[in-house]
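Some notes on the structure that comes next.
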Amino acid sequence: MSLYAIGDLHLHYQSVLKAPGQLHDRVWRNHEEKLRKNCEKLLGGRDTLVLAGDHSWGRNLAECEADLQYICDLPGRKILTRGNHDMFWDVKKTRQLNERYQPQLTFLQDDYAVYRDYALVATKGFTFEGPFYLDRRGRITGWDEEAEEHAKKLVSRELMRLRTSFELAKKDGCRKFIMFLHYPPTNIMEERSGFTDMAEEYGAEQVIYAHCHGERRFHDSIHGEYRGRSYHLVSGDYLRWKPLKILE
Ligand SMILES: [Fe+2]
Ligand SMILES: [Fe+2]
């Protein structure tokens, strides 16, 4: 019995929206097949796979049905968290999504899921991604301060959602946590953030995040051990479509 994670599948069985990289980059060619094969090799029926957001390019649930069916057909228990491109998933309608897809899929939001003696908590997160202004050498000399102010509001909303999940789990007696975000926990200017602070406050052992895909973005945030927790990027192309084992 093991816990795995991967993110940013960006499936598009019924939709036409595709990232340019997805059309041209070799790593994305037949990525659905690569992931399916790797999952079939790695996961058994008792294993759990967390999909850390950006599941589908579909603009609404009707355009995502085939993509969600693909995820249903992967082996093991599947837990989905929200990404910025998941237009089909309105937070307020999470309960309806669960009613429709459980027990095959669990849509995790403002709640927690249990894996062994761990509580899995998740939210989309947010981080300021610019625009940044650079000098000729590519060093940051400034940024759009209005966009930064807007980002701060989104970050605080996401932190509230995350706290709700931690508190619910704590109230139910959970003491061990794994924290999932879609966005990276820090932006390219930060060493720490409200998200890293919250991971420390509740003692989350690991922080798993996605969203950074395309080689230029792989090192936008924290990798490995940092202030007592371990941080892992699980975007699909970074992992070459092989889910990362998080826990035995
Ligand atoms: Fe993505
Ligand atoms: Fe994303």
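Residue numbers (the working numbering): 14 to 261.
C-beta atoms are modelled at their ideal positions from N, C-alpha and C, and glycine is treated no differently.
Note that this is a predicted model, so its numbers are computed, not measured.
Query raised in the report: Within this structure, are the beta carbons of residue 213 and residue 237 separated by less than 9 Å?
Result: Against a cut-off of 9 Å, the Cβ pair of residue 237 and residue 213 comes out as no contact.
Query - Residues near residue 175 in its chain [Cβ-Cβ closer than 7 Å; skip 5 each side] - result: 134, 136 and 211
Report task. Reducing DSSP to helix, strand and coil, say where residue 238 ends up. Result -> Strand, per DSSP.
Query raised in the report: If you draw a straight line from the C-alpha of residue 256 to the C-alpha of residue 48, how long is it?
Result: 8 Å
Query - Proximal residues to residue 258 (C-beta, below 6 Å), its chain only, five neighbours per side dropped - result: 15 and 17
**Report entry** Collapsed DSSP secondary structure at residue 218 in the structure displayed
**Finding:** strand
Query raised in the report: Do you know offhand how far residue 232's Cα is from residue 200's?
Result: So the two alpha carbons sit approximately 10 Å from each other.
Query raised in the report: Would you say the beta carbon of residue 21 comes nearer than 8 Å to a heavy atom of ligand 2?
Result: yes
Query raised in the report: For residue 197, is the classification buried or exposed, using 16 other Cβ atoms within 10 angstroms of its Cβ as the cut-off for buried?
Result: buried
Requested in this report: Answer with buried or exposed for residue 91, where buried requires no fewer than 16 other C-beta atoms within 10 angstroms of its C-beta.
Outcome: buried
**Report entry** residue 138 and residue 160 closer than 9 Å at C-beta
**Finding:** Cβ atoms of residue 138 and residue 160: not closer than 9 Å.
**Report entry** Per-residue burial, residue 109 [other beta carbons within 10 Å of its own, 16 or more giving buried]
**Finding:** Around the beta-carbon of residue 109, fewer than 16 other beta-carbon atoms lie within 10 Å, marking it exposed.
**Report entry** Inter-residue spacing [alpha-carbon to alpha-carbon] between residue 101 and residue 123
**Finding:** 17 Å
Requested in this report: Please look up how many angstroms separate the CB atoms of residue 154 and residue 146, rounded, as I've assumed it's under 8 Å.
Outcome: 5 Å
Report task. Please classify residue 247: does DSSP put it in a helix, a strand, or coil? Result -> Reduced to three states, the DSSP call for residue 247 is coil.
Query raised in the report: So the beta strand (DSSP E) residue 153 belongs to, where does it begin and stop?
Result: 153-156
Requested in this report: Quickly, what does DSSP pair residue 106 with across the bridge? List them, please.
Outcome: DSSP lists no partner for residue 106.
**Report entry** Pair within 9 Å by beta-carbon distance, residue 194 and residue 208
**Finding:** yes
Requested in this report: Verify the contact flag: residue 223, CB atom, against every heavy atom of ligand 1, threshold strictly below 8 Å.
Outcome: A distance criterion of 8 Å places the beta-carbon of residue 223 in contact range of ligand 1, judged by its closest non-hydrogen atom.
Query - residue 83, DSSP secondary structure in three states - result: helix
**Report entry** Reference residue 156; option with closest CA among 112, 202 and 116
**Finding:** 202
Requested in this report: Counting only the same chain and skipping the five closest in sequence on each side, list residues whose C-beta sits under 6 Å from that of residue 223.
Outcome: 20, 21, 65, 66, 195, 247 and 248
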